[in-house]
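Report on the following structure.
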Amino acid sequence: MDAIRCAVTGCLGNVGYNLVFFLASGGVFGPHQKISLNLLEIPDLAPQLEGLKMELEDCAFPALHEIRVGSDPFDLFGDIDCAFLVGARPRGPGMERKELLQANGVIFQRQGQALDRSAKKRVRVLVVGNPCNTNCLIALHNAKTISPDQFAALTRLDEFRARAVLAKKTGADVSDVSPVVIWGNHSSTLVPDIQHTMIGKKAALSCVDEAWILSTMLPSVRKRGAEIIKLRGKSSSASAAFAAVSAMAVMTGQLEENSLVSMPVFSKGNPYGIDPNLVFSFPCRTHGDRLTIDPSMRPSDALWKEVLVSEKELIEERDAVRHLLV
Ligand code: NDP
0 MDAIRCAVTG CLGNVGYNLV FFLASGGVFG PHQKISLNLL EIPDLAPQLE
50 GLKMELEDCA FPALHEIRVG SDPFDLFGDI DCAFLVGARP RGPGMERKEL
100 LQANGVIFQR QGQALDRSAK KRVRVLVVGN PCNTNCLIAL HNAKTISPDQ
150 FAALTRLDEF RARAVLAKKT GADVSDVSPV VIWGNHSSTL VPDIQHTMIG
200 KKAALSCVDE AWILSTMLPS VRKRGAEIIK LRGKSSSASA AFAAVSAMAV
250 MTGQLEENSL VSMPVFSKGN PYGIDPNLVF SFPCRTHGDR LTIDPSMRPS
300 DALWKEVLVS EKELIEERDA VRHLLV
């Protein structure tokens, strides 16, 4: 069996550092599938990157076949099967969201071009670096010879958080809580929706009322990241890395056929009338390594209003980086 080659950008950051160990230990493809890692960081961090490589070697992971390190995506995206685009500039003090969009947009434009030129045409690309939906849109526009369906951004952690909140509220085991749908942007406008969620054999909506969803669940899922920053002094890292690994498992066909997942995917042709040129989190169904948007899950009118707020935010983000979309 050939090794699967995965690239990870920003792998010395909070999220990336955890992610590479999950990956090397078989987190996406299992411990028996050989994996090669192409690790990218900014050029200034070349010595630290060598240090990370040594740490990975020291784990003697049975699945880890080869490690390459560097900073040039045109080189390190060569022949990759999957990519985790994690590296992104954090928002500096006083930096406007618009400035962050521009600074990161340029990074994802170049990485889209590098994927186009160097990666395998069947590559799967998960964008984690924020604003991840719009960065993903930029990357897929710049990778003209790769199908947009092979790109996604990350709301998997938001989905896990929503399930955990629901389990806590109802006293259920989290493994008894079936998927919660996440709509929209990975931002403070995201919308968790439990209309189709089951808790054991009961519908979640028979265990909690809609007023609780809007007044408590929605803000607590949206603010979870900020709350963690307040307590830890830094943002979620292992949980985001775990969610990224789980999202790549979805994208590479590791889940059961017809599983329900929430993924921000290219919105062209979506059955909900959402603007067709966004990366938007929808309820999706798995079919091997393909995802289709489930058309039967429109939420209540009250939640739909919230979904449209998230759409508006994404349209504004896109319009601010229109010059990077080709
Ligand atoms: P983190 O590792 O904490 O986060 C990386 C990115 O992931 C951020 O954009 C972050 O957004 C985002 N993110 C975190 N959690 C989630 C989530 N649940 N869902 C979606 N996105 C999420 O940042 P660090 O600053 O610690 O590390 C970044 C690394 O990237 C550094 O090592 C740096 O050198 C590298 N870098 C690479 C660049 C490049 O590739 N050209 C450019 C700039 C930096 P948020 O900030 O909102 O938490």
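Quick note on numbering that gives the first Met the number 0: the sequence shown kicks off at 0 and runs consecutively. Backbone N, C-alpha and C define an ideal beta-carbon position, used for all residues, glycine too. Only a predicted model underlies this, so the values are computations on that prediction, with no experimental measurement involved.
Beta-carbon proximity check, residue i vs residue j, cutoff 8 Å
i	j	result
residue 247	residue 290	no
residue 253	residue 27	yes
residue 124	residue 114	yes
residue 127	residue 83	yes
residue 173	residue 182	no
residue 244	residue 18	yes
residue 153	residue 242	yes
residue 281	residue 313	no
residue 3	residue 47	no
residue 89	residue 61	no
residue 111	residue 139	yes
residue 209	residue 309	no
residue 227	residue 234	yes
residue 36	residue 58	no
residue 151	residue 264	yes
residue 7	residue 44	no
residue 102	residue 55	no
residue 131	residue 64	no
Host alpha helix (DSSP H) of residue i (start-end)
i	result
residue 10	Here residue 10 belongs to no alpha helix (DSSP H), and DSSP marks it neither H nor E.
residue 247	237-250
residue 218	217-231
residue 72	72-75
residue 306	300-319
residue 57	45-57
residue 105	96-117
Check: residue i C-beta below 7 Å from any heavy atom of the ligand NDP
i	result
residue 184	no
residue 178	no
residue 235	yes
residue 13	yes
residue 5	no
residue 131	yes
residue 188	no
residue 68	no
residue 86	yes
residue 19	no
residue 329	This structure gives no information on residue 329, because the portion of the chain shown stretches from 0 to 325.
residue 113	no
residue 326	This structure leaves residue 326 out entirely; the chain is present only between 0 and 325.
residue 127	yes
residue 106	yes
residue 100	no
residue 248	no
residue 89	yes
residue 36	no
Beta-bridge pairing of residue i - partner residues as DSSP gives them
i	result
residue 65	35
residue 29	None; residue 29 has no bridge partner.
residue 125	83, 151
residue 282	261
residue 135	According to DSSP, which records beta bridges pairwise, residue 135 is partnered with nothing at all.
residue 202	197
residue 3	34
residue 191	181
residue 176	198
Close Cβ partners of residue i (< 8 Å) along its chain, the five nearest in sequence each way excluded
i	result
residue 41	70, 86
residue 275	266, 267, 268, 269
residue 207	165, 168, 169, 193, 216
residue 78	4, 117, 118, 119
residue 322	none
Neighbourhood of residue i by C-beta, 6 Å cutoff - its chain only, sequence neighbours within 5 removed
i	result
residue 52	66, 68
residue 239	14, 156
residue 178	259
residue 257	284
residue 144	115
residue 9	15, 85, 86
residue 196	177, 179, 203
residue 142	111, 114, 115
residue 50	none
Element boundaries [beta strand (DSSP E), containing residue i]
i	result
residue 82	81-84
residue 261	259-265
residue 181	180-182
residue 291	289-292
residue 325	Run containing residue 325: none; DSSP gives neither H nor E here.
residue 274	From DSSP, residue 274 is part of no beta strand (DSSP E); its letter is neither H nor E.
Close Cβ partners of residue i (< 7 Å) along its chain, the five nearest in sequence each way excluded
i	result
residue 73	113, 116, 117
residue 204	193, 194
residue 354	With the chain represented from 0 up to 325, any question about residue 354 goes unanswered, as that position is not in the structure.
residue 304	none
residue 250	123, 125, 151, 288
residue 108	137, 141, 323
residue 223	160
residue 175	198, 199
residue 171	198, 199
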